[in-house]
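Enquirer: Quick one: structure below, then a few questions.
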Amino acid sequence: MAENEQTADGGIKAFVIGSPITHSRSPMIHGHWLKTLGIAGSYEAITVDSGELADFVDALKSGKNGFTGGNVTIPHKEVVFELADHVDETARLIGAANTLWLEDGRLMATNTDAYGFAANLDNCSPGWDACEKAVVLGAGGASRAILYALIERGITDIRLINRTVSRAEALAARFGPTIRPGGMQDLSAALDSAGLFINTTSLGMDGAAAPELDFSTMKPGALVTDIVYVPLKTPFLTKAEAQGMKIADGLGMLLHQAVPGFAIWFGTRPEVTDELRQMIINDLELHA
């Protein structure tokens, strides 16, 4: 449980930091939970540039800025866990932290992205982790949490496809023999009989181009998912659905990854509801 720094009205204070930060929907998510659960507290977005990060963390540790903890987003996820007093094994293996809190005077760090990914699929496609073979597109920072989640769920054949094969090979060396790296030329063969496909790249985001993939060779009843949620139904998901595959959009991962942090800071575990999901969808459409 986090040490409860309180606002002047007795509420607990939490944050999300990044640069830029105006795009973040986290204040809406946590604000919704605070309101519906009747908890006195606040959650605010703060622009923190790279050169300001160390000072912000120092103020957090000393209690000067009054926060119990908060979230960390781009570009600080890979740097901030070096500044924490304790980093759990999840964040250490993923190589990035997105959730901070104070405990016994120490700054603790974890990563909830892997939890959010798995919880989203548990919710919308129960039994997804029974598949034997998964294909992950992309070997950037986002893919590490996905690989961690797949390995934790016992999937033993993970094909990691990336344009730069050396980056996929580096992650395979980091995560172990269940990861089989390859280049884009290997993608079609990797999809054959796979039960799960995950796009961890920005391909298809905000109208960006995405390669035409043939998901029809995947195992019957296979699931195609995307961590991108703008648009909600990406080109990959549109094509997969047209070919009869099950699909899961990336918004659920955003919502579910927020649950553990809220529970740590505010002492109550919230639920991801249809009401919350629709509220975020409405905001995405408003700012499209």
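The sequence shown runs 0 to 287 under numbering that gives the first Met the number 0.
Note that the Cβ used here is the ideal one computed from N, Cα and C, for glycine as well.
#1: Exposed or buried, which one is T163 when buried takes at least 16 other CB atoms within 10 Å?
#2: Comparing alpha-carbon positions, which option in G181, N119, G203, S215 lies nearest L254?
#3: Could you spell out where the beta strand (DSSP E) holding D54 opens and where it closes?
#4: Report back the beta-carbon spacing between N97 and T111 to the nearest angstrom; my notes put them in contact at under 8 Å.
#5: Starting from N97, trace the alpha helix (DSSP H) both ways and give me its first and last residue.
#6: What is the C-beta distance between T199 and I154, in whole angstroms, given that I count them as a contact (C-beta under 8 Å)?
#7: Is DSSP giving H75 helix, strand or coil here?
#8: What residues in its chain sit with their C-beta under 8 Å from that of D156, if we drop five residues either side in the sequence?
#9: Among all the DSSP beta bridges, which residues are the ones paired with Y42?
#10: So I45 packs on F14, CB below 8 Å; how close in whole Å?
#11: Given a cut-off of 7 Å, decide if G194 and D225 are closer than it, judged by their beta-carbon atoms.
#12: Roughly how many whole angstroms lie between the Cα atoms of A7 and L285?
#13: State the Cα-Cα distance for the pair D103 and G115, rounded to the nearest angstrom.
Expert: Concretely, from the data shown:
#1: exposed
#2: Of the candidates G181, N119, G203, S215, the one whose C-alpha sits nearest the C-alpha of L254 is N119.
#3: No beta strand (DSSP E) contains D54, which is instead part of the alpha helix (DSSP H) from 52 to 61.
#4: 6 Å
#5: N97 -> no alpha helix (DSSP H), and no H or E assigned at all.
#6: Not quite, the Cβ-Cβ distance comes to about 15 Å (not below 8 Å), so this is no contact.
#7: coil
#8: E131, K132, A133, T177, R179
#9: In the DSSP output, where bridge partners are listed per residue, Y42 has A13.
#10: 5 Å
#11: D225 is not a Cβ neighbour of G194, given a cutoff of 7 Å.
#12: Unreliable placement is indicated for A7, whose pLDDT of 45 sits below 50; the coordinate value is still reported in the next sentence. Straight-line Cα distance between these residues: approximately 33 Å.
#13: About 27 Å.
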